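For reference, the structure discussed in these notes is given below.
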Amino acid sequence: MKNSIYLTFTLICIISACKNPGVIFEDALCIENISIINPNSGLTENQTVIIKNGIIHQITPSLKLQLSDKNTIINGTGKFMIPGLWDAHVHFSYIEEMASSMPDLFLAFGVTSVRDTGGDITFVNQWKEKSLANPTDAPRVMVAGPLLDGMPNVYDGSDPSRPPLSVGLGSVTDVVDKINELDSLGVDFLKAYEMLSPEQFATVMILAKEKGLKVTGHVPLSMDVMSASNAGLNSMEHLRNLELSCASNAAELLEQRRRLLASGKGDRGGVLRSRIHQAQREIAVKNYDPNKAKEVLNVLAKNQTWQIPTLALSTGFTERYWVDSSWQESFNYLPASIEQQWLTNINELSKRKLKPFNEQYSDWLINMVGQVHEAGIDIMAGTDCPIFFLTPGRSLHKELAILVEAGLSPLDAIKAATLNPAKYFGMENKLGSIQENQWADLVILDANPLDDINNTRQINAVIKQGKYYDRDRLDQILARLDANH
Ligand SMILES: [Zn+2]
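So for the sequence shown, my numbering puts the first residue at 331; every next one is plus one.
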């Protein structure tokens, strides 16, 4: 047995040596002796990764290859390669003035793909098209177009905290017309929002299925989580309104919400939504019922309703990590007026006293993410940047760290930011792991992220569809943003 293994090994060596040296690969980017980390299988040491024409051409144990100097050869000794990261929840149009810095910021922090979860379709499509035209210079952008909301709609543009990210749809016919329009404009998925009626929501689900589009969203206030999931909702953002369905008095809360929605028809959507959250969230968390939660999570698991918990956003108010100078360093890369605004807002907010419920809700969210993970429901890492002092790119690493705090292993957190979003869009054969014939979207780290998830910030190089950005090049991008600032 031993002999036959030895013989096979020798044969492979002879065959690869004959095929080999330097003839097969020219003008390839070759990263030698690197440890690669695949979301499903974990770490493999001493690999050589050959990249040609933007694609991972070959991966092989380093010993088996001698590369000619007609290739660009990078020594990966002591370094770790992970797939390019995704931020699965961003808004190019939330602060329009910041949008042009966002692609560079994402790339500089290793984010090679993003999912834009709501904004004017013409505006967000610009960034998608720019990326398609120059795929090596910008992250891939998947767009939902505007939030599909009922009436009154929440993000109606009425004040800076509610820019016009949504469309308010008055009827089922309006829903049909809007989805047909968005589909013709090339959206990659849809986002349903909190003011939709159950009938409108059902229509979104039926049409999306017909058109092969995934639907993410906030569970509408007029529904409970289980019926939204059973209707076909593919994913939920921020665990929004999950607490309302995990309460012992969930049915009563739903009745009360429906009454509040009916009596608030004449109000601004944002005002009405806040009023309902204020009336119910705290009560729901205080009436949290573990058996009810189990029932809800079982339904989400059965239907594979994925979760994008956006914990950096939701726990930011209690954790206040944005007060730290180490966090604020990244504000140097933002337009100066925005940095000023953020610093002023941070100053105001940090004076605000926390209520006991703020802490309780943060703890509830983190605990619930652990349970979601245990229940076998897939998670995607998303931030909601640039909302709430979340610097694009930088903030994704914070999200990964909090996902690990919530109970994911570092490898599962990496999976949530690589393979899972690729799978969400049916792109797992092209993206999301380190395998031959996949697009070469990769990040090279100076330290092992499986030892400490914070090591995803130790970025040595980023590769976007085959283009290699070493640390100097990444620093140049950041320096340019700093200079424009
Ligand atoms: Zn959002």
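All C-beta atoms in this analysis are idealised placements derived from N, C-alpha and C, irrespective of residue type, glycine included.
Values in this document were obtained by computation on a predicted structure and should not be read as measured data.
Run through DSSP, which three-state label would T452 get?
Position 122 of the sequence shown, counting from 1, holds the residue named residue 452. In the structure shown, T452 sits in a helix (DSSP, three-state: H, G or I).
Of the residues T786, D714, H387 and A770, which one's Cα is nearest the Cα of K409?
As a working mapping, residue 409 is identified with position 79 in the sequence shown. Looking only at T786, D714, H387 and A770, the smallest Cα-Cα distance to K409 is reached by T786.
Measure the Cβ-Cβ separation of G406 and N363 and say whether it is below 8 Å.
Reading the sequence shown from its first residue, position 76 is the one you call residue 406. Reading the sequence shown from its first residue, position 33 is the one you call residue 363. Cβ distance < 8 Å, so G406 and N363 count as in contact.
With H, G and I counted as helix, E and B as strand and the rest as coil, what does DSSP make of G498?
The count along the sequence shown starts at 1 and reaches residue 498 at position 168. Look at G498 here: in three-state DSSP terms it is strand.
Under three-state DSSP, which class holds Y663?
The residue you call residue 663 lines up with position 333 of the sequence shown. Collapsing the DSSP output to three states places Y663 in a helix.
Do you know how far the Cα of Q586 is from the Cα of I606?
Along the sequence shown, one-based indexing puts residue 606 at 276. Along the sequence shown, one-based indexing puts residue 586 at 256. Those two C-alpha atoms are separated by around 9 Å.
Please classify N571 as buried or exposed, where buried requires at least 16 other C-beta atoms within 10 Å of its C-beta.
Start at 1 with the first residue of the sequence shown, and residue 571 comes out as number 241. Flag for N571 reads buried.
Quick one: any contact between the region 524 to 536 and the region 476 to 483, if contact means 3 or more CB pairs under 8 Å?
Output reads yes: the region 476 to 483 touches the region 524 to 536.
Can you name the start and end residues of the beta strand (DSSP E) that P413 belongs to?
Indexing the sequence shown from 1 puts residue 413 at position 83. F410 to P413 is the extent of the beta strand (DSSP E) around P413.
At a cut-off of 7 Å, is N487 close to ligand 1 when judged by its beta-carbon and the heavy atoms of the ligand?
Within the sequence shown, residue 487 is the residue found at index 157, counting from 1. The identity of residue 487 in the sequence shown is Gly, whereas the question assumes Asn. No, Cβ of G487 sits at least 7 Å from all heavy atoms of ligand 1.
Does the distance from the C-beta atom of R445 to that of A418 stay below 8 Å?
Along the sequence shown, one-based indexing puts residue 445 at 115. Along the sequence shown, one-based indexing puts residue 418 at 88. Cβ distance < 8 Å, so R445 and A418 count as in contact.
Given a cut-off of 8 Å on the beta-carbon distance, is the pair G547 and E573 in contact?
The residue given as residue 547 occupies position 217 in the sequence shown. The residue given as residue 573 occupies position 243 in the sequence shown. The Cβ atoms of G547 and E573 do not sit closer than 8 Å to each other.
Cβ of S431 less than 8 Å from any chain B Cβ?
The structure shown contains no chain B; it is built from a single protein chain.
Could you tell me if Q795 is buried or exposed, where buried requires 16 or more neighbouring beta carbons within 10 angstroms of its beta carbon?
By 1-based counting over the sequence shown, the position of residue 795 is 465. Only buried fits Q795, as 16 or more other CB atoms lie within 10 angstroms of its CB.
Mapping DSSP to helix, strand and coil, what is G646?
Along the sequence shown, read from residue 1 onward, the residue named residue 646 stands at position 316. Three-state DSSP puts G646 in a helix.
To the nearest angstrom, report how far apart L495 and D357 are at their CA atoms.
In the sequence shown, residue 495 corresponds to position 165, counting from 1. In the sequence shown, residue 357 corresponds to position 27, counting from 1. The straight-line gap from Cα to Cα measures roughly 45 Å.
What is the C-beta distance between Y691 and R611, in whole angstroms, given that I count them as a contact (C-beta under 8 Å)?
Translated into the one-based positions of the sequence shown, residue 691 becomes position 361. Translated into the one-based positions of the sequence shown, residue 611 becomes position 281. For a cut-off of 8 Å, the C-beta gap from Y691 to R611 is around 7 Å, short enough to register as a contact.
Can we say the region 425 to 436 touches the region 661 to 676, given the rule of at least three CB pairs closer than 8 Å?
Taking a cut-off of 8 Å for Cβ pairs, the region 425 to 436 and the region 661 to 676 touch, as three or more such pairs fall below it.
Given 7 Å as the limit, tell me if E567 has its C-beta closer than that to any heavy atom belonging to ligand 1.
On the sequence shown, position 237 is the one that residue 567 refers to. Because some heavy atom of ligand 1 lies under 7 Å away, the Cβ of E567 counts as near it: yes.
C-beta contact flag for T640 and I696 at 8 Å:
As a first step, residue 640 is located in the sequence shown; it is residue number 310 there, counting from the start. As a first step, residue 696 is located in the sequence shown; it is residue number 366 there, counting from the start. Not a contact, by the Cβ cut-off of 8 Å.
Run of the alpha helix (DSSP H) containing D805, from where it starts to where it stops:
Reading the sequence shown from its first residue, position 475 is the one you call residue 805. For D805, the enclosing alpha helix (DSSP H) begins and ends at R801 to N814.
In terms of residue numbering, what span does the beta strand (DSSP E) encompassing M432 cover?
Counting from one through the sequence shown, the residue named residue 432 turns up at place 102. For M432, there is no enclosing beta strand (DSSP E); the residue is found in the alpha helix (DSSP H) stretching over M432 to A438.
Using DSSP's beta-bridge definition, name the partner residues of L477.
As a working note, residue 477 is residue 147 in the sequence shown. Answer is S496, bridged to L477.
Relative to the C-alpha of G594, which candidate in N483, L537 and I774 has its C-alpha closest?
Reading the sequence shown from its first residue, position 264 is the one you call residue 594. Answer by Cα proximity: N483.
Report buried or exposed for G723, applying the criterion of at least 16 other Cβ atoms within 10 angstroms of its Cβ.
As a first step, residue 723 must be located in the sequence shown, where it is residue number 393. So G723 counts as buried.
Own chain partners of N350 with C-beta closer than 7 Å, once the 5 adjacent residues on each side are dropped
Within the sequence shown, numbered from 1, the residue matching residue 350 stands at position 20. Unreliable placement is indicated for N350, whose pLDDT of 45 sits below 50; no coordinate value is reported for it.
Rounded to the nearest angstrom, what separates R682 and P716 at their Cα positions?
Residue 682 sits at position 352 when you count from the first residue of the sequence shown. Residue 716 sits at position 386 when you count from the first residue of the sequence shown. Approximately 22 Å between the Cα atoms of the pair.
Below 8 Å CB to CB, which residues in the same chain sit around V702 once its five sequence neighbours on both sides are set aside?
As a position in the sequence shown, residue 702 is number 372, starting the count at 1. Setting aside the 5 residues that flank it on each side, V702 is surrounded in the same chain by L569, L627, L630, Q637, P639 and I709, each with a C-beta closer than 8 Å to its C-beta; the list follows chain order.
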